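Worksheet for the structure shown next.
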Amino acid sequence: MMRAVIAATASMLAVTAVLAQSDVYEQRTALMKAQGQCVYRDMSKMMKGESPYDQAKVNECFAKLKETVPKIESVFPASSKAPNPKSDYIILDKFWDSKADVDARVAKLKKDVDEGASKATSEAGFKAAYPAIQQGCSGCHNEYRKKKG
Ligand code: HEC
Numbered sequence: 001m002m003r004a005v006i007a008a009t010a011s012m013l014a015v016t017a018v019l020a021q022s023d024v025y026e027q028r029t030a031l032m033k034a035q036g037q038c039v040y041r042d043m044s045k046m047m048k049g050e051s052p053y054d055q056a057k058v059n060e061c062f063a064k065l066k067e068t069v070p071k072i073e074s075v076f077p078a079s080s081k082a083p084n085p086k087s088d089y090i091i092l093d094k095f096w097d098s099k100a101d102v103d104a105r106v107a108k109l110k111k112d113v114d115e116g117a118s119k120a121t122s123e124a125g126f127k128a129a130y131p132a133i134q135q136g137c138s139g140c141h142n143e144y145r146k147k148k149g
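Numbering of the sequence shown is given in my numbering, commencing with residue 1 and proceeding in unit increments.
Following this line, the structure appears as structure tokens:
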């Protein structure tokens, strides 16, 4: 009887762990894609003059980044070292051994987003603020991420 209870409990725990795991990957992809929509699409197009400057969109993007950037590290728990099945990318192993560098990148990006949000109240201000943010994102990708396949 006791054994059966233990076995049942163990298998429930295993199921919970698998669910929690796939949630982390889902959250990571959702968070990165939400940031990507702003930095690599909407804002990037305005920066290049491919779409007209849109202050409301810029404000929306900074509000989004202020929400997502502080959460970046929470979507990379040590339990999620296996390649993310939801992503087109894989994290290089050195990511997990470089916590100090990752912390520093996220802290700098957070600061650039906060400063950028107060600068980007005009097109000129936005254009001055955008490059640091784009570099903060891509700097981490270039160092720690590669395309699958
Ligand atoms: C601390 C490092 C780091 C920072 C900073 C970072 N990213 Fe990422 N990003 C990653 C890694 C690692 C992946 C691969 C994701 C995975 O394996 O789940 C990724 C994946 C992505 C993807 C692809 C999503 C997918 O899986 O299909 C996009 C888009 C993206 N990031 C956008 C951004 C933007 C925009 C920023 C800046 C606001 C940013 N990221 C900041 C590390 C980072």
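All C-beta atoms in this analysis are idealised placements derived from N, C-alpha and C, irrespective of residue type, glycine included. No experiment lies behind these values; they were computed from the predicted model shown.
* Proximity winner among Met46, Pro77, Pro70 and Ala78, relative to Ala128 (alpha-carbon distances) -> If you number the sequence shown from 1, residue 128 lands on position 128. Checking every option, the nearest Cα to that of Ala128 belongs to Met46.
* Which residues in the same chain as Lys71 place their Cβ atom closer than 7 angstroms to its Cβ, once the five residues preceding and following it in sequence are excluded? -> Within the sequence shown, the letter at position 71 stands for residue 71. Cβ neighbours of Lys71 beyond the five flanking positions: Leu31.
* With a threshold of 7 angstroms, establish whether the CB of Tyr130 neighbours any heavy atom of ligand 1. => On the sequence shown, residue 130 is found 130 positions in, with the first residue counted as 1. Incorrect: Tyr130 has no Cβ contact closer than 7 angstroms to ligand 1.
* Asked: Which residues share a DSSP beta bridge with Lys146?
  -> Here the question's residue 146 lines up with position 146 in the sequence shown. DSSP lists Ile90 as partners of Lys146.
* Asked: Do Lys146 and Asp88 have their C-beta atoms closer together than 8 angstroms?
  -> As a first step, residue 146 must be located in the sequence shown, where it is residue number 146. As a first step, residue 88 must be located in the sequence shown, where it is residue number 88. No.
* Excluding the 5 residues preceding and the 5 following Pro85 in the sequence, name in chain order all residues of the same chain whose CB lies nearer than 7 angstroms to its CB. => Here residue 85 refers to the residue found at position 85 when the sequence shown is read from its first residue. These residues qualify, in order along the chain: Tyr25.
* Asked: Measuring from the CB of Cys61, is there a heavy atom of ligand 1 at a distance below 7 angstroms?
  -> Here residue 61 is taken as the residue at index 61 of the sequence shown, counted from 1. Judged by the Cβ position, Cys61 fails to qualify as a neighbour of ligand 1 at the 7 angstroms threshold, every heavy atom of the ligand being at least this far.
* To do: Flag Gly149 as yes when its Cβ comes closer than 7 angstroms to any non-hydrogen atom of ligand 1, and as no otherwise.
  => As a working note, residue 149 is residue 149 in the sequence shown. No, ligand 1 has no heavy atom inside 7 angstroms of this Cβ.
* Extent of the continuous alpha helix (DSSP H) run through Gly116 -> Walking along the sequence shown from the start, residue 116 turns up at place 116. Segment Lys99 to Lys119, the alpha helix (DSSP H) holding Gly116.
* To do: Verify the contact flag: Lys45, CB atom, against every heavy atom of ligand 1, threshold strictly below 7 angstroms.
  => Here residue 45 is taken as the residue at index 45 of the sequence shown, counted from 1. Flag unset: Cβ of Lys45 not near ligand 1.
* **Three-state secondary structure assigned by DSSP to Gly125** => Here residue 125 is taken as the residue at index 125 of the sequence shown, counted from 1. Here Gly125 carries a helix assignment [DSSP, helix/strand/coil].
* To do: Report whether the distance from the Cβ of Asn142 to the nearest heavy atom of ligand 1 is below 7 angstroms.
  => Here residue 142 is taken as the residue at index 142 of the sequence shown, counted from 1. Within the chosen limit of 7 angstroms, ligand 1 does not reach the beta carbon of Asn142 with any heavy atom.
* Neighbourhood of Tyr144 by C-beta distance below 8 angstroms, restricted to the same chain and skipping five residues each side -> One-based indexing of the sequence shown puts residue 144 at position 144. Scanning its chain for C-beta atoms nearer than 8 angstroms, with the 5 sequence neighbours on each side dropped, one finds around Tyr144 the residues Ile91, Leu92, Lys94, Phe95, Ser98 and Val102, in chain order.
* Label Ala56 either buried or exposed according to how many other C-beta atoms from any shown protein chain fall within 10 Å of its C-beta, with 16 as the threshold for buried. => Reading the sequence shown from its first residue, position 56 is the one you call residue 56. By the neighbour-count criterion, in which a residue is buried when 16 or more other Cβ atoms sit within 10 angstroms of its Cβ, Ala56 is exposed.
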